[in-house]
Amino acid sequence: MNNIINIVAFQAVWLSSVVGAANGMAWLGAVLLMPFAVWQLRVSKDPAYDRRAIVLLCIAGVLVDSAYPLAGMLGYASPWPLAQLAPAWLVLMWVNLALTLNHSLAWLRGRYLLAAVFGGVGGGLSYYAGYRLGAVDVYWSSGVAFGLIGVVWAVALPALYGLLDRLSPVSTGSVPTPR
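Quick note, the sequence shown lines up with residues 231 to 409 if you use our numbering.
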């Protein structure tokens, strides 16, 4: 049941973040993220993993989502604090994702090829949906931009899982290692 709540909360935060940013209410996603984060950390069997994921994905989010405007590929609605950096609402979406990695998306943990496929498809589609909802502007050919984003996510998601597993002092045993 907690995984169902986790994925529903993730989707609600994602949608409120994108729609809020597109409509000048960049704070909207944060309003939903805060109770989700408090709840998830409270019910988590491994809150230390979740905290490491939050820190790692915040760093990754700033780096990855700042690279796109710096390259002239994308622009974001509600670009605060600086137009050249990933906006705060988008970095908080990485926190939102971090809260799923050891919960509703735990089935990807240790399955790097599957995580690459899921990340590549899901990452590209997520940014495309953000574009269609008005939170992302695309300055390159949309096919090239979303294809590149898909490639970035195909590398990033399994890399993030791998790094988090290396940073974990001991395995919780909650996710079986694939054979």
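Think of the CB as a built atom: it goes at the ideal place given N, C-alpha and C, for glycine as much as any other residue.
Worksheet item: Using DSSP with H/G/I as helix, E/B as strand and the rest coil, what is L488?
Response: Look at the range of the chain in this structure, 231 to 409, and you will see that residue 488 is not part of it.
Worksheet item: G305 by DSSP, collapsed to three states: which one?
Response: In the structure shown, G305 adopts extended strand secondary structure according to DSSP, grouped into three states.
Worksheet entry | Buried versus exposed, by CB contacts within 10 Å (16 or more), Q241 | By the neighbour-count definition (other C-beta atoms within 10 Å, threshold 16), Q241 is an exposed residue.
Discussion item. Which runs of the beta strand (DSSP E) at least 3 residues long sit entirely within the region 321-391? Give them in chain order.
Written reply: Listed in chain order, they are 366-368.
Practice prompt. Counting only the same chain and skipping the five closest in sequence on each side, list residues whose C-beta sits under 8 Å from that of A290.
Written response: Apart from sequence neighbours up to five positions away, the residues of its chain that approach A290 with a beta-carbon distance below 8 Å are W324, A386 and L390, ordered along the chain.
Discussion item. Would V351 and Y361 be called neighbours here (beta carbons separated by less than 8 Å)?
Written reply: At least 8 Å separates the beta-carbon of V351 from that of Y361.
Fill in: Contact set for A375: own chain, Cβ-Cβ below 7 Å, skip 5 residues either direction
If we look at A375 and ignore the five residues flanking it on each side, its Cβ neighbours are M303, L304 and V368.
Worksheet item: So is N326 buried or exposed if we call it buried at 16+ other beta carbons inside 10 Å?
Response: N326 comes out buried.
Practice prompt. Please determine, among F266, G349, I284 and L363, the residue with the shortest C-alpha to C-alpha distance to W383.
Written response: Considering only alpha carbons, the answer is G349.
Discussion item. Check whether the region 278-293 and the region 308-322 are in contact - that is, three or more C-beta pairs closer than 8 Å.
Written reply: Because the criterion of three Cβ pairs below 8 Å is met, the region 278-293 and the region 308-322 touch.
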